[in-house]
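Asks:
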Amino acid sequence: MFSVGDKVLFIGDSITESGKFGDPEGIGNGYVSIINMYVKEHYEDVTILNKGIGGNRVTDLERRWERDVLQENPDWLSISIGINDVWRQIDNPKAEQIYPYMFEEIYGRLLIATKRRLTNTKIILMEPTIIKEDINSKGNKLLLSYVEIVQSLARQHEATLVPAHRIFLKELQKEKPQKLTSDGVHMNEAGNKLLADCWIQAVL
Numbered sequence: 429m430f431s432v433g434d435k436v437l438f439i440g441d442s443i444t445e446s447g448k449f450g451d452p453e454g455i456g457n458g459y460v461s462i463i464n465m466y467v468k469e470h471y472e473d474v475t476i477l478n479k480g481i482g483g484n485r486v487t488d489l490e491r492r493w494e495r496d497v498l499q500e501n502p503d504w505l506s507i508s509i510g511i512n513d514v515w516r517q518i519d520n521p522k523a524e525q526i527y528p529y530m531f532e533e534i535y536g537r538l539l540i541a542t543k544r545r546l547t548n549t550k551i552i553l554m555e556p557t558i559i560k561e562d563i564n565s566k567g568n569k570l571l572l573s574y575v576e577i578v579q580s581l582a583r584q585h586e587a588t589l590v591p592a593h594r595i596f597l598k599e600l601q602k603e604k605p606q607k608l609t610s611d612g613v614h615m616n617e618a619g620n621k622l623l624a625d626c627w628i629q630a631v632l
């Protein structure tokens with residue numbers, strides 16, 4: 429539960445960014461925006477910061493962690509990363525890749541650094557969502573290892589886990605699933621609402 433004056437920082441890739449650079453408030457029009465509206469309705473004087481940047485992988489987060497997280501000193505830190513770490517393996521296989529063991533090592537370093545510096549910050553880890561709206565897609569099969577790493581890191585670091593991947597797969601397995609993305613990765617309105625609802629239920 430949030431307290432008066434809390435700062436909640438969201439960091440991640442384009443799913444988190446979602447139009448924030450065209451928004452005077454810097455919140456965007458994605459799941460962070462829906463959470464922001466919910467928080468304004470139910471809590472007093474809570475600040476939401478959106479630090480998502482499109483295309484980011486866990487290595488990109490590491491490069492900007494000091495500036496965008498540690499120096500901000502949030503009361504709550506929500507991390508959503510992993511989609512591009514997998515997607516680059518599919519759309520640009522000749523690029524330098526972030527394989528699961530690297531993802532786990534780097535992500536773990538970020539969490540250790542955060543807990544060391546920001547001793548009172550509550551950490552929230554979001555499972556990466558989906559790559560294509562087909563549970564058997566190559567992207568979703570590759571993504572599973574990264575989802576499991578996020579789950580493991582949440583247990584190790586006593587962080588709140590947002591089960592986004594599992595919730596999205598559950599929706600895709602329905603007899604008549606709703607469409608959740610505009611291109612297999614980026615959320616449409618229904619996808620953003622499902623992701624925000626999943627976050628709110630897990631965190632609040």
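As numbered in the working numbering, residues 429 to 632 make up the sequence shown, in order. Think of the CB as a built atom: it goes at the ideal place given N, C-alpha and C, for glycine as much as any other residue.
I'd like to confirm the pairing. Which residues does DSSP put opposite asparagine 387 in its beta bridges?
Replies: This structure cannot settle anything about residue 387, because the visible part of the chain is limited to 429 through 632.
Asks: Since serine 580 is in the beta strand (DSSP E), which residue starts that stretch and which ends it?
Replies: Not the beta strand (DSSP E): serine 580 falls in the alpha helix (DSSP H), residues 566-584.
Asks: If I'm right that leucine 437 touches proline 502 with Cβ under 8 Å, what's the distance once you round it to whole angstroms?
Replies: At roughly 4 Å, the Cβ-Cβ gap stays under 8 Å, so leucine 437 and proline 502 are in contact.
Asks: Go ahead and pull the three-state DSSP assignment for threonine 609.
Replies: Threonine 609 falls in the strand class under three-state DSSP.
Asks: Just how far apart, CA to CA, sit lysine 569 and proline 556?
Replies: Approximately 12 Å, taken between the alpha carbons.
Asks: How about leucine 600 and tyrosine 459: do their beta carbons lie closer than 9 Å?
Replies: No, the Cβ-Cβ distance between leucine 600 and tyrosine 459 is not below 9 Å.
Asks: Would you kindly work out how many angstroms separate the C-alpha atoms of methionine 615 and lysine 566, rounded to a whole number?
Replies: Their backbone Cα atoms lie some 19 Å apart in a straight line.
Asks: Does the beta-carbon distance from leucine 571 to isoleucine 558 come in below 9 Å?
Replies: For leucine 571 and isoleucine 558, yes; Cβs fall inside 9 Å.
Asks: Apart from the five residues just before and just after histidine 585, which ones in its own chain have a Cβ nearer than 7 Å to its Cβ?
Replies: Within the same chain, histidine 585 has close Cβ partners Leu539, Lys543 and Ile551.
Asks: Using the C-alpha atoms, what's the distance from lysine 604 back to arginine 634?
Replies: The requested residue 634 is not part of the displayed model; the chain covers only 429 to 632.
Asks: Tell me which same chain residues have a C-beta within less than 7 Å of the C-beta of glutamine 606, skipping the five on either side of it?
Replies: The answer, listed in chain order, is Glu599 and Ala618.
Asks: Less than 6 Å between C-beta atoms, sequence neighbours within five positions excluded: which residues of the same chain meet that for methionine 554?
Replies: Excluding sequence neighbours, methionine 554 sits near Ser508, Val590 and Ala592.
Asks: Tell me the DSSP bridge mates of lysine 550?
Replies: The partner list for lysine 550 (beta bridge, DSSP) reads Trp504.
Asks: Would you mind sorting glutamate 561 into buried or exposed? The rule is 16 or more other CB atoms within 10 Å of its CB.
Replies: Per the 10 Å Cβ criterion, buried.
Asks: What does a CB cutoff of less than 7 Å around glycine 536 pick up in its chain, not counting 5 residues either side in sequence?
Replies: Contacts found: Leu581.
Asks: In the DSSP assignment, what residue or residues form a beta bridge with leucine 589?
Replies: Answer is Leu553, bridged to leucine 589.
Asks: Is DSSP giving methionine 465 helix, strand or coil here?
Replies: Three-state result, methionine 465: helix.
Asks: Measure from the alpha carbon of isoleucine 577 to the alpha carbon of each residue in Asn620, Gly612 and Phe531, then state which is nearest.
Replies: Cα-wise, what sits closest to isoleucine 577 is Phe531.
Asks: Given this structure, state the Cα-to-Cα distance separating isoleucine 443 from glycine 456, to the nearest angstrom.
Replies: So the alpha carbons of these two residues sit roughly 10 Å apart.
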